[in-house]
Amino acid sequence: MGVISVQGAASAIQDGVAMKTAKFVTGNFIPVIGRLFTDATDTVLSATILIKNAIGLIGVAILIGIVMFPAIKILVISIMYKVTTAVLQPVGDGPVIECLDIIGKHILYLFAALLLVSFMFFFTIVILIIASNLTVMVR
Numbered sequence: 046m047g048v049i050s051v052q053g054a055a056s057a058i059q060d061g062v063a064m065k066t067a068k069f070v071t072g073n074f075i076p077v078i079g080r081l082f083t084d085a086t087d088t089v090l091s092a093t094i095l096i097k098n099a100i101g102l103i104g105v106a107i108l109i110g111i112v113m114f115p116a117i118k119i120l121v122i123s124i125m126y127k128v129t130t131a132v133l134q135p136v137g138d139g140p141v142i143e144c145l146d147i148i149g150k151h152i153l154y155l156f157a158a159l160l161l162v163s164f165m166f167f168f169t170i171v172i173l174i175i176a177s178n179l180t181v182m183v184r
């Protein structure tokens with residue numbers, strides 16, 4: 046993550062400097078229509094960044110959808126074990142009931158671990174999207 050962020054920042058700075066240089070050269074060395082080309086280039090670059098951000102947001106929404114299905118499935122399985130334990134509790138009190146309770150508790154721990162890893166992955170994707178916008182910040 047750190048290496049990708051540093052590489053993204055370095056390339057974003059290089060792109061920003063190259064973009065400023067191209068805008069300066071186009072705007073100052075082409076006499077009449079240079080400023081028009083500069084403004085058109087700026088508009089096109091802003092539109093591509095907007096499209097890239099929209100694709101990034103769609104990717105995050107798809108990621109949330111992909112993560113939610115297994116998370117809900119694991120939560121339902123844990124609830125099923127807890128309900129089974131509660132239903133069987135009056136029938137008999139033994140090692141089977143304790144085992145079902147422990148299984149339900151540990152599946153709930155698995156659910157919590159899945160949510161934590163999913164949030165970390167989500168934040169990683171968001172950080173990479175934000176880091177890719179450094180070109181705009183330099184501009």
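With the numbering used here as the guide, the letters of the sequence shown map in order to residues 46 to 184. Positions of the beta carbon are idealized from the N, C-alpha and C atoms, including for glycine. Being a predicted model, the structure only gives us computed values, none of them experimental.
With three or more CB-CB distances shorter than 8 Å, the region 110-122 counts as touching the region 141-159. By the criterion of at least three beta-carbon pairs nearer than 8 Å, the region 122-132 is not in contact with the region 102-109.
In this structure, DSSP gives Asp-138 a state outside helix and strand, which the three-state scheme calls coil. Measuring C-alpha to C-alpha distances from Ile-148 to each of Leu-160, Val-162, Thr-130 identifies Thr-130 as the nearest. Of the candidates Ile-96, Asp-138, Ser-163, Ala-85, the residue whose Cα lies closest to the Cα of Met-113 is Ser-163.
Taking C-alpha positions only, Ile-172 is separated from Lys-65 by approximately 25 Å. By the neighbour-count definition (other C-beta atoms within 10 Å, threshold 16), Leu-81 is an exposed residue.
With 16 or more other Cβ atoms from the protein chains shown falling within 10 Å of its own Cβ, Leu-145 counts as buried. DSSP places Ile-117 within a helical segment (H, G or I) once states are collapsed to three. Cβ atoms of Gly-72 and Thr-83 come within 8 Å of each other, at about 4 Å. At the C-beta level, Val-105 and Ile-170 come within 7 Å of one another.
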